[in-house]
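Visitor: Per this note's numbering, the sequence shown starts with residue 34, numbered consecutively. Please read through the structure below; I'll follow up with questions.
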Amino acid sequence: MAIRRHAWVLLGWAVLAGFCPSVFAQAGSRVIVNGDLEFGVANGSGAMIDTDFGIGATFDGGASASNPWFTSHPTQAGQCSAAFGVVGACHPVETWVSNNNPDLTGPVAANTGTNFVELNAFVGSMIYQNVCLVAGDTLSYRFAHRRRVLAGSGNNPDSAAFRIKDQANGLVQTITTSSVTGSSWAIRTGSATIGAGVSGILRLGFEAIATSSGNLSAGNLLDSISIGLRPLVDLGGTTSSGAQPEGQDLGDIFIRLNGTSQAGGTVIALQRVAPLNGDAAALDGDFILTVGAGATMSHAAGSDIWLITIPAGAEFDGGVAPGAAGASNPPDGISIDVDAVTDALMEPRESFRLQIVNPGVSGSSNNWLSSAPTCSTQTTATPDFVITGQSQVRLAKISDGAIGSFNFAFGNADTDLLAAGTQAAATIATSASGTAALHDADAGAAGAQGSAVVAPGAAVTIVETIPPGWVLNSAACVDAANAPVAGTSLAGGTLTIPGAATAAGASLTCTFRNGRSPIVRLGKRLPNGRFVAADQFVLSIAPPGTGAATFTTTGSGDVAAGQAVVDPAVAGTSYMLSETATAGADLGNYAIAYACTNANAAGSAGPSGAASAFDLVPAAGDDFTCTFANTRNPLSDLSITKTNTPAAGATDQAGDVVMRETAMVYRIVVTNHGPDAVTGALVRDPASPGLDCTAATCAGTACPGSLSVAALQGAGVALGALANGESVNFDLTCMTQ
């Protein structure tokens, strides 16, 4: 049985030093062709058929009837039958017709068919075929051997050997020797292991050793040859159609075989493996394999293994006609069609390869060989099969400074693969500042799917409707290799992708990056209240030119309600923040400080200082709150009293009398009526004529560190910290003169 395939010249199977593939056609066979030795001799006593001889420079082609058999018989000029054609010199194989009379016993019937051969034509010789053998392989055989009974044969045997020889006719291995007596066919069967080191394209055949009559030109009849070798398997002849979109033919896998499928059938496992080109690996559901005639195939969904089963007895001889592969004789094997599956998923370019799994592994049988370089079976993996996938554009959004929801409209792309028709709208909501969020065009598939390009090779547009308070900082696209897409342009909120970038199989990711428009607020604090109860302040945020945002505070005491606000502000613009006093108020009554905080932790820190005006340049995403803190200057109300009747009150009583030469105590009381504490107030009681003071004391927390009459009546004494509502008492003892 031969499974035919389109023409493919099997040069690799005929490579041997000195060989010409066009004439040494049988170089790689693992099947003995025409084992019944039917050379087309139909009548007469037989024929001497010219047969292929030698190799390389010594090669001499024979008649086509004997091909692909060779002989080692030397030239025998003029002895070959012209009816079968003589090519070059005559190298005869003596061929008999069934029921002719080759010996003294009468007509001899062929063991099978109508022809059989005699190994001893004019001399003892060998007939053989060139077979690729592998060391350690097991060979089975069956052949029919008969003695030719002639005068002098007696009980002597004819002897022949089943042998392996090299191309110089040197003995490599004798598989078996057969010696036959009598006058009937002896059937020889058996098996043998090919010896170590015996690998390559070698002569496998039958050689005369001796004849019963002693006549080297007569003896050793041979017929019905059957030799079994495990088939050699590789993926030679596999073709890839190059990168193809979904639904297209990706190429053909050709499992090339040379040999006979063994008992139980031949099971070959193909395994999906990662591609060599670095693409994402296609899954088994991304493609389908369809096996051709001569085999069956099984595959479990989700598995990486496909099992190809070839029935027992199927022969693959390297070609569809006797002889090995050539330009007109394509090699044998099993063809498997490879097609990309059309699915609803938006996938990037994907690739895969298939390789032969070793015999006996992953469900394969153990009755075949692969990876035998001496027989050119070294192609164990296919080239990459490439699925370009549908052109797609993935849309990503990054919002800096805040989160938000953003609306887009596509041109020449479908944003919802589950909805009927072509959908153009897309919405993305970000969940974290600075982190990309993706639009998903197919909520039913795992992961965020890109929008399908409707017309690959035509431009795609993406238009963002920029929300209030946001600015579009950038928009750009990269391809599947993360390289920038050349030729994209951005105008306002519209990004245009050129048609050259959207061809079949394109996988693009376009990222729009928005920044939150900055916000600037200006408020007021009065930590210790107003200097004057009616004081109010005008807050101003002024951009260059006109259009300042202002606000006049309200409230009383330490409350200054209201803010000046610019929302949105323009990123990168310098704003002057200032305050002025309303009519009747005086900023000079206050110590002024300012400070700004930024609610955007990723933004810059706000400025601070001591002035009634400063500049601020916000960036995108900044959220500034600035405050003028006005601390009013201290306010206090001190009173001082003096009396010589302190028990009766803080002041002298009506009708007070001072007695001459009498000592008395004068009390001086200093009181702070607030609202602020006073530190360092100077108390001085100048000396009065006729009054001689001799001692002074002080009571209270704000008393001076040291006290004397001279100091009190002279330059004065400084008080310590006198809190609101506190008093200091000075008692001065004096004598009236």
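Backbone N, C-alpha and C define an ideal beta-carbon position, used for all residues, glycine too.
1) Just confirm the distance between the C-beta atoms of Y608 and D648, as a whole number of angstroms; I'd bet it's less than 8 Å.
2) Give me the Cα-Cα distance between V66 and Q162, rounded to the nearest whole angstrom.
3) Taking 7 Å as the cut-off, does the CB of V742 come closer than this to any heavy atom belonging to the ligand NAD?
4) What is the C-beta distance between N547 and W503, in whole angstroms, given that I count them as a contact (C-beta under 8 Å)?
5) Can you give me the C-alpha to C-alpha distance between G713 and G738, rounded to a whole angstrom?
6) In the DSSP assignment, what residue or residues form a beta bridge with T664?
7) Assuming T704 contacts S760 (C-beta within less than 8 Å), just tell me the rounded distance between them.
8) Should D372 go down as buried or exposed, given a rule of 16 or more other Cβ atoms within 10 Å for buried?
9) Quick check on the DSSP output: what are the complete beta strand (DSSP E) runs of length 3 or more inside the segment 111-138, in order along the chain?
10) Between P355 and the rest of its own chain, which residues show a CB-CB distance below 8 Å, the 5 nearest in sequence each way excluded?
11) If I measure Cβ to Cβ from N188 and keep anything under 7 Å in the same chain, skipping five residues before and after, which residues do I get?
12) By alpha-carbon positions, which one of E71, D568, S105 and S245 ends up nearest to N621?
13) Which whole-angstrom value describes the C-beta separation of R427 and L541, a residue pair presumed to lie in contact below a C-beta threshold of 8 Å?
14) Closest to W218 by C-alpha separation, out of R181, A225 and L450, would be which residue?
15) Closest to S105 by CA distance: which of A143, D191 and L204 is it?
16) How many whole angstroms separate the CB atoms of A481 and T535, which I take to be in contact at a CB cut-off of 8 Å?
17) Beta-carbon separation of A581 and S573 under 8 Å?
18) Taking the alpha-carbon positions, what's the S361 to V300 distance?
19) Please state whether DSSP places S97 in a helix, a strand or coil.
20) Quick check on DSSP: helix, strand or coil for V742?
21) Am I right that N153 and T209 are in contact with their C-beta atoms under 8 Å? What's the rounded C-beta distance?
22) Report buried or exposed for H178, applying the criterion of at least 16 other Cβ atoms within 10 angstroms of its Cβ.
23) So, at 8 Å on beta carbons, what are the nonlocal neighbours of A296 in its own chain, with the 5 sequence-adjacent residues on each side left out?
24) Restricting to runs no shorter than 3 residues, where is the beta strand (DSSP E) found entirely within the segment 687-734?
25) Taking the beta carbon of P560 as the centre, do at least 16 other beta carbons fall within 10 Å, making it buried, or is it exposed?
26) Would you grab the beta carbon distance between R554 and V598 for me? Rounded to a whole angstrom, and I think it's under 8 Å.
27) Quick test of your reading: T660 and R558, contact by CB under 8 Å. State the CB separation rounded to the nearest angstrom.
28) From the DSSP secondary-structure annotation, give me the bridge partner or partners of P517.
29) What separation, rounded to the nearest whole angstrom, lies between the Cα atoms of P577 and T583?
30) What are the start and end residues of the beta strand (DSSP E) that includes E240?
31) Find the nearest neighbour of G467 within the set D433, R175 and S259, judged by alpha-carbon distance.
32) So, helix, strand or coil for A373, using DSSP?
33) Once you ignore the five residues that flank F155 on each side, which residues in its own chain have a CB closer than 6 Å to its CB?
34) For A357, count the other beta carbons within 10 Å of its own beta carbon; 16 or more makes it buried, fewer makes it exposed. Which is it?
35) With DSSP as the reference, label P54 as helix, strand or coil.
36) Here's the rule I'm using: 16 or more other beta-carbon atoms within 10 Å means buried, otherwise exposed. How should N666 be labelled?
Guide: For this structure:
1) 7 Å
2) 8 Å
3) The ligand NAD is absent from the structure shown, which contains no ligands of any kind.
4) 5 Å
5) 11 Å
6) A624
7) 4 Å
8) buried
9) 125-130 and 133-136
10) Summary for P355: the model assigns pLDDT 40, below 50, so the residue's position carries little reliability; its value from the coordinates is reported in the next sentence. For P355, where only same-chain residues beyond five positions count, the Cβ hits under 8 Å are V66, N67, N100 and P101.
11) T214
12) The amino acid occupying residue 621 in the given sequence is Gly; Asn does not appear at that position. Ranking the options by Cα distance to G621, first place goes to D568.
13) 7 Å
14) R181
15) L204
16) Rounded, the Cβ-Cβ distance is 19 Å, inconsistent with contact.
17) yes
18) Low local confidence applies: a pLDDT of 48 at S361 is under 50, so the model's placement there is unreliable, with the coordinate-based value given in what follows. Each residue's alpha carbon lies about 29 Å from the other.
19) helix
20) helix
21) Going by Cβ atoms, the distance from N153 to T209 rounds to 19 Å, so no, they are not a contact pair.
22) buried
23) A345 and N400
24) 696-705 and 724-732
25) exposed
26) 5 Å
27) 5 Å
28) V511
29) 14 Å
30) G233 to A243
31) D433
32) strand
33) Q109 and S250
34) Low local confidence applies: a pLDDT of 40 at A357 is under 50, so the model's placement there is unreliable, with the coordinate-based value given in what follows. Buried is the call here.
35) Confidence in P54 is poor, its pLDDT being 28 and thus under 50, which makes the residue's placement too unreliable to answer from.
36) exposed
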